[in-house]
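Report on one structure; see the data block that follows.
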Amino acid sequence: MGRLFGTDGVRGLANKELDCILAYKLGQAGAFVLTKEKKSIPKILVGRDTRISGDMLESALVAGICSVGATAIEIGIIPTPAIAYLTRFYNADAGIVISASHNPMEYNGIKIFNSSGYKLRDELEDEIESIILHNAETIPLPTGDKIGRKIRKGEAYKDYISFLKSTVSVSLKGFRVALDCANGASSKIAPLLFSELEAEVLPIHNMPDGTNINYHCGSTDTRSLQEYVIKSKADIGLAFDGDADRLIAVDEKGNMIDGDQIMVMCALDMKKRGVLKQNTVVATIMSNLGFDIALRNAGCAFEKTTVGDRYVLEKMLEKGYNIGGEQSGHIIFLDYNTTGDGMITALQLMSVMKRSGKKLSELGNTMKRLPQVLVNVKVEEDKKQLYLKDKVIQDEIRNMEETLAGRGRVLIRPSGTEPLIRIMIEGEDQAKIEGYANELAELLKKCLNN
């Protein structure tokens, strides 16, 4: 077994790569590492999304937590960002969420937050991993009345909703809001939240059955939401992913509004109100060139990081910025939460609409997206880095970049959570870059999968 922790916790095919034994060990080692200096009984929050494998993994994880004498507080199906917030709100020692976010149903994951609601530092992940893989430290196991307990806190979602409502100062009365809950963790909370803020709520994909999470719905597939917005004459469509840390919006004309566009809209509003710290937005190298142009034209600065919300957050914390995120809709408003929060993003976006009096399609014109093509290539996990040393692939990339002549770019990166290599090509001619992307995808398949 290789490294357990990827860019977003531990993920894998449920009951195979991520099985009950590994979940138990993660609960046990995670609880031990994060609470070993604590004198009183430690408390660890545990939440999950709607995947069928969640019950199985939750039971194993909680058993591991209790085996080291910690109290596991089960708060049920709840968004990942809720765990980050509630860990702080309840003064817990750590928070753990069982979710594979936007990934297909058959995958699952385990992500750990520290007592401040931040994802674990690399050195803590390394320590947990070393205990699991190499028996680097013996974990003392209590007996008798020192064994940990499990507590259920089924009403925790209400505290999260109260928090979300506190992040905005406007009513959403008069808005018709179409909600695509991805049959995931937002299925109950999102309709309640927007109803309590007086919006007219039109939910779809909010009937999870354990197997339909992210299936042709949510932030990774907005087609049904786009059709529904037009059909229902909604003012806005909001598409969350399985654990509701991402948001992709749809304007009243049925056009998709991605994370880059949302960040530009919110950043310009923040600048206007004098709350955009250091006049800067953080994004990743995957952001559209139109993002750079829009911010530059508005007199805003931006910084780019490698792909992954953890790197965006690191840059924000290092430099004191308060908004950053990814084109995928994982956006961090650091004034409110310590991780990407799809519902906070939705509320901030709708607050911009309310303050400006403009329709979302009008606000969307602030940024013009250059044509961009994304293609995923399935590659075995241990071959995801080989493209870097393959001369044929590298020569082809250079040839394409020379042809684009500074009016586009080619980006290739391995996924941090799936056995995929992602190809992104940007340029002025849609048909041309689509051809390039498909050619490069076939080349990767030929060179790496043989």
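According to our numbering, the sequence shown is numbered sequentially starting from 1. All C-beta atoms, glycine included, are put in the ideal place defined by N, C-alpha and C. Bear in mind that the values here come from a model prediction, so they are computed numbers and not experimental data.
Proximity of residue i and residue j at Cβ, strictly below 8 Å
i    : j    : result
A283 : M256 : no
L347 : V168 : yes
A199 : P79  : no
P419 : Q385 : no
L349 : S356 : no
K272 : N279 : no
V10  : I131 : no
L295 : A267 : yes
E58  : I112 : no
A72  : G6   : no
M316 : G324 : yes
D93  : K38  : yes
K383 : V170 : no
I515 : V392 : Absent from the model: residue 515. The displayed extent of the chain is 1 to 450, so no value can be given.
H205 : C181 : yes
N135 : R51  : no
Closest residue to residue i among the options (Cα-Cα distance)
i    : options                   : result
L34  : I96, V10 and L247         : I96
I433 : T417, I285, K383 and V375 : V375
P203 : Y215, F113, I323 and S186 : S186
G239 : T280, V177, A267 and D292 : According to the sequence shown, residue 239 is Ala rather than Gly. For A239, the nearest C-alpha among the options comes from V177.
L133 : L22, Y215, I285 and T280  : L22
L193 : T220, T366 and Y157       : Y157
G76  : T366, R422 and M56        : M56
V68  : A92, K39, G27 and E74     : G27
E155 : G47, A70, F113 and T71    : G47
E303 : N206, V281, G174 and V229 : V281
E74  : I151, K16, D49 and K354   : I151
F175 : Y228, A136 and A234       : A234
L289 : K368, E137 and V307       : K368
D292 : D382, C20 and Q261        : Q261
V452 : V312, E439, N322 and D221 : Look at the range of the chain in this structure, 1 to 450, and you will see that residue 452 is not part of it.
L4   : E252, K38, D122 and G117  : D122
R398 : T87, Q327, L120 and Y436  : Y436
E17  : M400, E106 and M316       : E106
Q327 : V373, G320, K354 and V352 : V373
K153 : I128, T87, N135 and P140  : T87
Y90  : G54, S115, P81 and A70    : S115
K36  : C20, P142, S53 and G184   : P142
V189 : E428, D49 and E318        : Here the sequence assigns Ile to residue 189, which means Val is not the residue at that position. Comparing Cα-Cα distances from I189 to each of E428, D49 and E318, the minimum goes to D49.
L120 : D180, D429, D8 and P81    : D8
M265 : G184, G329, Y85 and E129  : G329
S195 : H216, L179 and M207       : L179
Residues bridged to residue i (per DSSP)
i    : result
A92  : BP columns for A92 are empty, so no partner.
E200 : R176
F113 : G95 and K119
P414 : I421
I44  : A72 and A94
K378 : L420
N108 : G12
F331 : Strictly speaking, residue 331 in this sequence is Ile, with Phe absent from that position. Beta-bridge pairing links I331 to G325.
G237 : A178 and V250
F302 : V281
L18  : A14
R152 : E74
Assumed close pair residue i, residue j - CB separation to whole angstroms, cut-off 8 Å
i    : j    : result
T417 : N103 : 6 Å
V250 : G237 : 3 Å
G254 : G218 : With 8 Å as the limit, G254 and G218 do not qualify as a contact, their Cβ atoms being about 17 Å apart.
M44  : I65  : It should be pointed out that residue 44 corresponds to Ile in this sequence rather than to Met. The pair is a contact, with the Cβ atoms about 5 Å apart (cut-off 8 Å).
E426 : L360 : Rounded, the Cβ-Cβ distance is 24 Å, inconsistent with contact.
L444 : V377 : 5 Å
A29  : P42  : With 8 Å as the limit, A29 and P42 do not qualify as a contact, their Cβ atoms being about 14 Å apart.
I331 : L411 : I331 to L411, Cβ: 20 Å. No contact.
A441 : I423 : 6 Å
L455 : L172 : Given a span of 1 to 450 for the chain in the structure shown, any question on residue 455 remains unanswerable.
L61  : Y118 : That belief does not hold up - the Cβ atoms of L61 and Y118 are roughly 20 Å apart, past 8 Å.
S53  : A14  : 4 Å
V352 : D269 : 4 Å
Is it the case that the stretch 287-300 contacts the stretch 332-345, given that we only count it when at least three CB pairs across the two stretches are under 8 Å?
no
Stretch pair the stretch 209-217 + the stretch 152-166: three plus CB contacts closer than 8 Å
no
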